[in-house]
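Listed in order, the protein sequences are those of chains A and B. By full-length UniProt numbering, the letter at position 99 of the first sequence is numbered 99, and the numbering carries on one by one without gaps. By full-length UniProt numbering, the letter at position 226 of the second sequence is numbered 226, and the numbering carries on one by one without gaps. Worksheet: the structure to be examined is printed underneath.
2 protein chains.
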Amino acid sequence: MTHLQMPTPDASVLGRSQQIIKDLTALAGAEAVIADEEGRRTFETDGLTAYRCMPLAVVLPTTTEEVSRILKYCHREGIKVVARGAGTSLCGGALPVEDAVVVGVSRMNRVLEIDYDNRFIRVETGITNLGISGAVSAEGFFYAPDPSSQLACTLAGNLGMNSGGAHCLKYGVTTNNVLGLKVVLMDGEVIELGGGHLDAEGYDLIGLMIGSEGQFGIVTEATVRILKAAEGARPMLMGFGSSEAAGACVAGIIGAGIVPVAMEFMDKPAIEVCEAFAKAGYPLDVEALLIIEVEGSDDEISEMLGRIQAIAEPFGPTSILISQSAEQSAKIWKGRKSAFGAIGRISDYYCMDGTIPLSRLPDVLRRIGEICEGHGLKVANIFHAGDGNLHPLILYDANDPSSSERAELAGADILRLCVEVGGCLTGEHGVGVEKRDLMNDQFSATDLTVQIRVKTVFDPKWLLNPGKVFPLNDTQQAKDVA
Amino acid sequence: MTHLQMPTPDASVLGRSQQIIKDLTALAGAEAVIADEEGRRTFETDGLTAYRCMPLAVVLPTTTEEVSRILKYCHREGIKVVARGAGTSLCGGALPVEDAVVVGVSRMNRVLEIDYDNRFIRVETGITNLGISGAVSAEGFFYAPDPSSQLACTLAGNLGMNSGGAHCLKYGVTTNNVLGLKVVLMDGEVIELGGGHLDAEGYDLIGLMIGSEGQFGIVTEATVRILKAAEGARPMLMGFGSSEAAGACVAGIIGAGIVPVAMEFMDKPAIEVCEAFAKAGYPLDVEALLIIEVEGSDDEISEMLGRIQAIAEPFGPTSILISQSAEQSAKIWKGRKSAFGAIGRISDYYCMDGTIPLSRLPDVLRRIGEICEGHGLKVANIFHAGDGNLHPLILYDANDPSSSERAELAGADILRLCVEVGGCLTGEHGVGVEKRDLMNDQFSATDLTVQIRVKTVFDPKWLLNPGKVFPLNDTQQAKDVA
């Protein structure tokens with residue numbers, strides 16, 4: 001990838017690094033502070049491994065009070081802070097800068113309260129996404145948003161990026177499932193928003209906080225909705241002779257008012273790689289595959305799968321396979337959820353994340369193919385088709401500078417295409433550093449100014465997660481604007 | 001009701017009123033400006049009729065450009081602005097002040113775009129709530145949030161208050177159904193947020209804007225989600241010997257993971273009044289009534305009603321009636337949706353709006369009865385039980401100052417009770433002037449300061465909808481805080 005410009009390090013902070021480490025140790029305890037080079041290296045990058053930078057120090061506090069003390073100190077001393085969950089961000093959202101302290105919540109992962117009657121769980125945000133469902137699964141409940149990295153990623157990161165997942169078509173993304181937050185602001189103040197009831201009072205600061213990419217504060221606790229698991233669920237595979245036919249079928253199903261739990265799309269290159277990895281029974285003689293999951297009682301499942309097949313008929317599916325066992329269902333999902341890893345075994349890839357209006361799906365798929373071909377690159381398409389959230393994976397060779405550069409150009413073209421057809425730059429992965437320079441394509445100057453002003457309310461010195469979300473020149477002008 | 005303190009009028013604005021009216025006429029045309037006393041009187045109050053105040057002038061623009069010109073002018077001249085939809089607010093959200101210009105969107109009510117494939121409609125916000133569904137009903141679609149005032153209230157007001165309704169249990173409230181907004185900021189700038197795709201990009205300013213009670217800008221256009229109507233729907237009436245039994249049954253149904261489309265609660269006083277009005281077949285020999293509606297195919301409806309009856313069994317329902325025809329269903333809903341009007345025919349009432357955790361329902365119902373009894377008043381309880389959104393109607397005599405005062409005290413006690421049990425001050429009606437002084441019960445000083453700072457980003461001179469949402473002393477200190 002090309003060189004990434006980041007805000008100029010503050011020389012006075014770098015010069016005080018030994019004192020800062022001493023101070024952080026006094027605030028959070030020696031076992032919470034990582035200052036040696038070897039330890040800091042673990043935190044130098046995230047899921048967007050193209051960029052790396054070692055932070056000044058890493059702190060892993062264990063209480064909200066410690067987080068508050070650390071932020072208050074950094075605010076007073078003018079030290080940048082990069083919040084971090086598990087570091088699985090695909091857009092560089094957790095990428096450090098060299099004069100920043102990384103504040104990680106991974107040691108704050110306790111379940112604080114489970115209330116089945118009111119269907120919520122209150123947790124510390126360092127808990128993994130799957131850990132939340134794990135805490136309530138014995139009673140037949142689950143937490144709905146399910147990013148593919150759910151085994152590793154933390155709720156903190158999900159909140160920062162408003163993460164989605166394959167099953168969010170029916171249950172909504174992170175912001176639709178959060179009832180309350182405890183947030184440490186940059187000046188160390190702690191605010192509580194919402195709680196174990198349905199609607200939030202006052203302005204919707206919960207909604208604002210979710211998706212703010214670690215730039216408004218550090219969320220240490222959250223109350224999230226838990227749902228009763230359906231009686232049963234069953235995925236179906238439908239293969240098509242063209243991506244256009246599969247895309248049109250998705251639009252047909254949604255247009256008929258049916259909302260499956262999940263509706264995932266894979267094109268031929270993706271199918272081949274995932275089938276080789278997961279042995280899920282994906283058909284290999286098709287150009288595009290839909291994984292459609294429905295849930296309910298056995299009767300409801302049969303009835304809904306029947307309706308979906310009837311709707312699909314005119315689009316000419318060349319193969320239909322309905323899962324016959326829990327084991328088969330697990331394999332089908334393993335293939336999909338391991339897709340990024342499986343493709344990573346055969347090629348470097350650049351994962352895009354944009355949304356489009358559903359009806360433009362067939363057209364957009366065709367043009368993504370043309371864009372990549374125009375740059376001499378292959379592309380594998382895997383995405384949450386039901387809600388128009390695309391994840392084209394551009395395959396390239398990281399050791400070939402020309403290939404890297406073309407991948408970046410193709411990616412930007414694809415995201416501009418999303419905006420052009422009425423969609424947006426980010427579905428569920430966030431802006432981070434990856435898409436900050438495209439924000440001008442999405443937003444007018446006035447739009448960005450309003451966002452910059454809101455950011456400044458929460459972080460007047462612009463110390464939180466610097467160099468992300470906004471184009472760098474806008475960030476540098478932020479103080480004048482605010 | 002007691003005297004309502006509002007921000008001190010700006011004498012210089014009042015002194016310039018003739019010039020201001022002349023300027024507004026130049027900006028929006030003579031037919032858009034209402035300046036005579038008779039005309040302005042129509043706008044002196046809203047659904048909270050206890051308070052009245054004639055504005056300096058009323059403008060009813062027809063385009064976003066006109067709204068922009070008006071706000072830009074008022075911003076420059078330091079003139080307060082009160083945005084207005086249909087004026088159905090139950091919390092005084094549209095109450096004018098004497099030195100303000102009311103900007104009403106009622107003439108901006110066009111449908112701009114309908115896209116069935118992508119399931120959205122784009123409208124001007126002066127359209128009525130029911131008008132949105134009306135525009136798409138021929139194709140079998142509808143707009144989900146359904147406040148009881150849906151025949152009259154505008155989308156603009158729904159956006160300002162994040163309105164809900166009886167059927168929001170399944171489909172979510174306003175904020176869950178909005179995809180995009182066009183907003184005129186106080187300085188006249190126009191921003192566009194989101195659009196016809198699923199997730200919003202950047203910070204969640206759409207979420208922030210919804211429920212901001214006309215204090216961040218005037219929304220002139222919105223893109224909202226439309227849903228395919230279910231094959232059929234059927235309400236069921238279940239009567240109980242006590243409010244506690246009905247409340248426990250609601251908790252039991254939700255706890256079992258069933259989500260009916262609507263689950264409404266009425267106690268004996270409410271049942272009697274509504275039955276007299278609507279002849280809906282409500283049982284009169286019960287202490288509490290649940291109206292539970294489910295939807296789907298005939299088979300699905302039968303299956304779900306059966307499950308609900310089985311769950312209800314241990315709570316001893318004394319009567320069960322399942323609607324047998326569309327006509328009967330319409331009557332059942334007419335009774336519920338006319339409840340406020342029907343009660344208004346027999347008594348003055350003060351309508352509360354709070355939320356509580358569902359499991360506290362039986363306990364809260366008992367304590368609401370005790371609170372009102374303690375103040376020597378009767379109460380009728382009608383509410384969206386499924387999501388814990390209470391609407392106790394405190395009956396009082398508006399011509400008796402002591403009765404009025406006791407009603408207000410009882411109301412405040414009930415809302416404090418909601419906060420005490422872990423709920424919040426407002427479910428779907430907003431804060432307005434009615435609940436502004438209770439905000440300190442809900443929020444810490446830090447919480448309020450953050451909200452005040454966000455408000456100041458959008459409206460640095462605090463001209464938009466003055467005297468609402470925040471306790472008045474906090475509002476006056478706002479500029480120091482910001």
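Built from N, CA and C at the ideal position, the CB exists for glycine as well.
Range covered by the beta strand (DSSP E) that runs through residue i
i, result
"residue 120 of chain A", "120-124"
"residue 81 of chain B", "80-84"
"residue 384 of chain A", "378-384"
"residue 12 of chain B", "Unbroken run through residue 12 of chain B is the alpha helix (DSSP H), 11-15; no beta strand (DSSP E)."
"residue 99 of chain B", "Residue 99 of chain B -> no beta strand (DSSP E), and no H or E assigned at all."
"residue 236 of chain A", "232-240"
"residue 265 of chain A", "262-267"
"residue 57 of chain B", "57-59"
Within chain B, partners of residue i - CB distance below 7 Å
i, result
"residue 358 of chain A", "117, 118"
"residue 443 of chain A", "202"
Residue i: first and last residue of the uninterrupted alpha helix (DSSP H) it sits in
i, result
"residue 209 of chain A", "205-209"
"residue 312 of chain A", "298-312"
"residue 456 of chain A", "445-458"
"residue 370 of chain B", "361-374"
"residue 135 of chain A", "129-136"
"residue 171 of chain B", "168-171"
"residue 64 of chain B", "64-77"
"residue 216 of chain A", "Where residue 216 of chain A is concerned, there is no enclosing alpha helix (DSSP H), given that its DSSP letter is neither H nor E."
"residue 343 of chain B", "339-346"
"residue 401 of chain B", "401-420"
Under 8 Å from the C-beta of residue i: neighbouring residues of chain A
i, result
"residue 175 of chain B", "204, 207"
"residue 227 of chain B", "257"
Counted within 10 angstroms of its Cβ, other Cβ atoms place residue i as buried (16 or more) or exposed
i, result
"residue 3 of chain A", "exposed"
"residue 157 of chain A", "buried"
"residue 368 of chain A", "buried"
"residue 470 of chain A", "buried"
"residue 31 of chain B", "exposed"
"residue 22 of chain A", "exposed"
"residue 14 of chain B", "exposed"
"residue 8 of chain A", "exposed"
"residue 151 of chain B", "exposed"
"residue 459 of chain B", "buried"
"residue 119 of chain B", "buried"
"residue 55 of chain A", "buried"
"residue 401 of chain B", "exposed"
Proximal residues of chain A, C-beta to C-beta of residue i below 9 Å
i, result
"residue 447 of chain B", "191, 192, 193, 202, 205"
"residue 415 of chain B", "Result: empty, since nearest Cβ-Cβ is about 10 Å, beyond 9 Å."
Per-residue contacts from residue i into chain A (C-beta, under 7 Å)
i, result
"residue 253 of chain B", "Neighbours of residue 253 of chain B on chain A: none; closest Cβ ~11 Å, over 7 Å."
"residue 486 of chain B", "There is simply no residue 486 of chain B to check, as chain B begins at 1 and stops at 482 in what is shown."
Residue closest to residue i, alpha-carbon to alpha-carbon, out of the options
i, options, result
"residue 153 of chain A", "A:316, A:90, A:315", "A:90"
"residue 360 of chain A", "A:246, A:438, A:454, A:150", "A:246"
"residue 123 of chain B", "B:117, B:138, B:107", "B:107"
"residue 413 of chain A", "A:52, A:437, A:208", "A:437"
"residue 292 of chain A", "A:86, A:279, A:312", "A:312"
"residue 315 of chain B", "B:284, B:304, B:238", "B:238"
"residue 236 of chain B", "B:243, B:282, B:149", "B:282"
Presumed contact (8 Å Cβ cut-off) between residue i and residue j, rounded CB distance
i, j, result
"residue 372 of chain A", "residue 410 of chain A", "5 Å"
"residue 116 of chain B", "residue 141 of chain B", "7 Å"
"residue 59 of chain A", "residue 101 of chain A", "6 Å"
"residue 394 of chain B", "residue 266 of chain B", "15 Å between Cβ atoms; not a contact."
"residue 210 of chain A", "residue 175 of chain A", "4 Å"
"residue 220 of chain B", "residue 105 of chain B", "7 Å"
"residue 241 of chain B", "residue 318 of chain B", "5 Å"
"residue 258 of chain B", "residue 307 of chain B", "6 Å"
heavy atom of the ligand HEM below 7 Å from residue i C-beta
i, result
"residue 97 of chain A", "Looking at this structure, you won't find the ligand HEM or any other ligand, since it has none at all."
Contact list for residue i against chain B, beta-carbon separation under 9 Å
i, result
"residue 457 of chain A", "450, 453, 454, 456, 457, 482"
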